[in-house]
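Taking it in order: structure first as structure tokens, then the write-up.
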Amino acid sequence: MRSIHATPSHRPATRRTFLAAAGLATTAAATTAVLPMPFIHASDKSGSKNPVIGEGEFQFECIHDWGMTNLPKGASYGNASHGVAIDANGLIYITHNQGNPGSIFVFDPDGTCIKTMGAFHAAGKTSRGHGIDIREEDGEEFIYLAASDAKLGFAKISLQGEIVWRKELKELSEETSKYQPGVRYRPTNTSFAPDGGYFLGDGYGSNWIHQYDKNDKYVRSIGGSGQQDGQFRTPHGQWLDERDGTPKLVVADRANKRLQWFDMEGKHLKTLDGFLFPADIDIQGDVLMVPDLHCRITLLDKENNVITHLGDDEAWRKAALEGFKMRRQREQWQPGKFIHPHDACFDKDGNIFVTEWVSTGRVTKLRKVG
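Following numbering that gives the first Met the number 0, the numbering of the sequence shown begins with 0 at its first residue and continues without gaps.
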């Protein structure tokens with residue numbers, strides 16, 4: 000979903016690690032397609048008259064359909080572009096749902112699609128890509144993937160697409176004791192702890208966030224279904240907030256229309272209302288960014304005051320949300336407006352990449368100009 004998060008931890012071998020030695024890594028690598036370099040890139044030419052949104056030092060040129068003209072022949076985002084993450088070399092990883100090939104398209108900073116990967120996160124012939132996050136561990140970067148399908152395991156893979164391990168529902172159920180018969184499971188996103196652990200959010204399923212330590216051992220589950228502080232209705236995304244010097248888990252509690260903060264032991268600290276349908280979180284410096292599925296992106300300062308709502312337009316939002324029909328009506332999309340931002344992340348230069356839950360998919364590069 001965002002730029003890399005480095006940790007000095009070393010994760011020792013576990014039972015899942017040996018899946019790679021058993022041949023799954025070879026299978027994943029074999030399904031990673033390196034694509035020929037295309038000739039042109041039409042969607043990000045200098046001098047184009049793209050709309051500028053935002054205010055003050057937070058103004059951005061909207062480059063809609065970034066990279067779309069450079070998808071290889073036959074490639075498609077399908078029903079949605081879901082998640083976005085950026086590695087240390089500036090490569091951009093976009094997950095997609097019901098598209099093909101694979102479940103991830105990888106782009107260089109100029110918008111050239113250089114390869115596809117993640118074919119193991121597919122149901123039938125189409126992808127189930129959803130949450131994607133990248134972390135550096137002992138000098139090597141790894142991708143953590145949550146598929147939008149209960150039958151597909153949460154996975155850790157290398158940047159080359161080799162599977163390190165997969166965590167299936169059966170194993171998660173044994174570890175957490177949260178999945179009795181009838182309890183839904185459909186994870187949405189991962190975030191990282193400063194000690195090398197991680198948090199897996201079951202946002203479309205049980206409304207729990209499962210915490211694991213640096214040795215990949217289950218620690219606790221946070222939340223559960225409800226509207227009280229400390230409970231969730233669709234904890235769709237989360238991230239590590241260290242802006243005040245103390246690490247906290249901040250959660251996009253989507254259907255409750257709020258953010259919630261927790262300490263590293265899972266204790267609820269505070270709740271912030273005032274959102275529409277917050278989908279995920281990224282942080283750069285003192286700025287916290289919230290892509291909101293209801294047509295806007297919110298930037299907050301260090302004290303969590305609103306800096307600006309990018310793309311906010313009440314009349315546009317009313318039209319876009321009517322029956323969620325506009326996500327399939329590309330001819331009605333307007334420059335400088337968002338339909339359904341599903342994820343967003345900063346690159347190292349302060350530009351923002353936005354993925355939207357729209358039919359055909361859409362990636363927008365917000366080039367920082369302010």
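All C-beta atoms in this analysis are idealised placements derived from N, C-alpha and C, irrespective of residue type, glycine included. Note that the structure is a prediction, hence the values are computed from the model and not measured.
Residue i to residue j span [Cα, whole Å]
| i | j | result |
| --- | --- | --- |
| F231 | Q237 | 12 Å |
| I351 | D312 | 19 Å |
| D194 | K216 | 13 Å |
| L298 | H308 | 6 Å |
| R127 | I306 | 34 Å |
| D300 | F57 | 12 Å |
| S345 | E174 | The amino acid occupying residue 345 in the given sequence is Phe; Ser does not appear at that position. Approximately 34 Å between the Cα atoms of the pair. |
| A122 | V249 | 31 Å |
| Y92 | G130 | 11 Å |
| A41 | G110 | Legend: pLDDT at A41 = 37, less than 50; position of this residue unreliable, no value from coordinates given. |
| N206 | D262 | 18 Å |
| K317 | G225 | 27 Å |
| K364 | H339 | 15 Å |
| D285 | F323 | 33 Å |
| T25 | C112 | Confidence at T25 is low in this model, with a pLDDT of 37, below 50, so the placement of that residue should be treated as unreliable; the coordinate-derived value is given next. Rounded to the nearest angstrom, the two C-alpha atoms are 23 Å apart. |
| E60 | G53 | 9 Å |
| G73 | G98 | 10 Å |
| D348 | T233 | 31 Å |
| Q227 | K367 | 38 Å |
| G181 | E330 | 41 Å |
| G229 | T270 | 9 Å |
| A84 | D132 | 6 Å |
| P37 | E135 | At P37, the pLDDT of 36 sits below 50, so the modelled position is not reliable; the number obtained from the coordinates is stated separately. Straight-line Cα distance between these residues: approximately 30 Å. |
| G369 | Y178 | 48 Å |
| C294 | D64 | 16 Å |
| G101 | G117 | 5 Å |
| Y211 | G273 | 30 Å |
| H267 | I208 | 13 Å |
| V163 | F106 | 22 Å |
| L18 | K213 | No answer about L18 holds up, because its pLDDT of 35 lies below 50 and its placement is not dependable. |
| M325 | A278 | 18 Å |
| H120 | R165 | 11 Å |
| W315 | I62 | 19 Å |
| N96 | S172 | 25 Å |
| K155 | P50 | 38 Å |
| G223 | L320 | 28 Å |
| R183 | G204 | 4 Å |
| F337 | E170 | 39 Å |
| G152 | M67 | 29 Å |
Bridge-paired residues (DSSP) for residue i
| i | result |
| --- | --- |
| G331 | As written in the sequence, residue 331 is Gln, which differs from the Gly given in the question. Note: Q331 sits in no beta bridge, so no partner. |
| V218 | The partner list for V218 (beta bridge, DSSP) is empty, contrary to what the question assumes. |
| C344 | F352 |
| A79 | N96 |
| Q237 | V250 |
| P290 | I296 |
| D281 | M288 |
| T187 | DSSP, once it has assigned bridges, lists no residue as partnering T187. |
| T125 | A122 |
| Y211 | Y197, Y217 |
| W65 | Paired residues: none, contrary to the question. |
| A192 | Per DSSP, none; premise fails for A192. |
| F231 | S224 |
| K155 | Y143, W164 |
| I91 | I85, F106 |
| H308 | T297 |
| F59 | I52, K367 |
Expected contact under 8 Å - CB spacing of residue i and residue j to nearest Å
| i | j | result |
| --- | --- | --- |
| D201 | R219 | Rounded, the Cβ-Cβ distance is 14 Å, inconsistent with contact. |
| D86 | E167 | Rounded, the Cβ-Cβ distance is 26 Å, inconsistent with contact. |
| I282 | R242 | 7 Å |
| L239 | S190 | 6 Å |
| T187 | A145 | 6 Å |
| I280 | A251 | 6 Å |
Continuous alpha helix (DSSP H) stretch holding residue i: start and end
| i | result |
| --- | --- |
| A314 | 313 to 320 |
| L248 | Premise fails: L248 lies in the beta strand (DSSP E), 247 to 252, not in any alpha helix (DSSP H). |
| L168 | 168 to 175 |
Residue interval of the beta strand (DSSP E) (run including residue i)
| i | result |
| --- | --- |
| T363 | 361 to 367 |
| R134 | 128 to 136 |
| W260 | 257 to 261 |
| A146 | 139 to 146 |
| S358 | Here S358 belongs to no beta strand (DSSP E), and DSSP marks it neither H nor E. |
| L268 | 267 to 271 |
| V51 | 51 to 54 |
Contact test: residue i Cβ vs the ligand SAH heavy atom, cutoff 6 Å
| i | result |
| --- | --- |
| Q230 | Annotation note on the ligand SAH: not contained in the displayed structure, which lists no ligands. |
Subject >> At least 3 beta-carbon pairs within less than 8 Å: the segment 257 to 267 vs the segment 276 to 291 >> reply: yes
Specify whether the segment 355 to 364 and the segment 77 to 85 touch according to this definition: at least 3 beta carbon pairs, one from each stretch, less than 8 Å apart. yes
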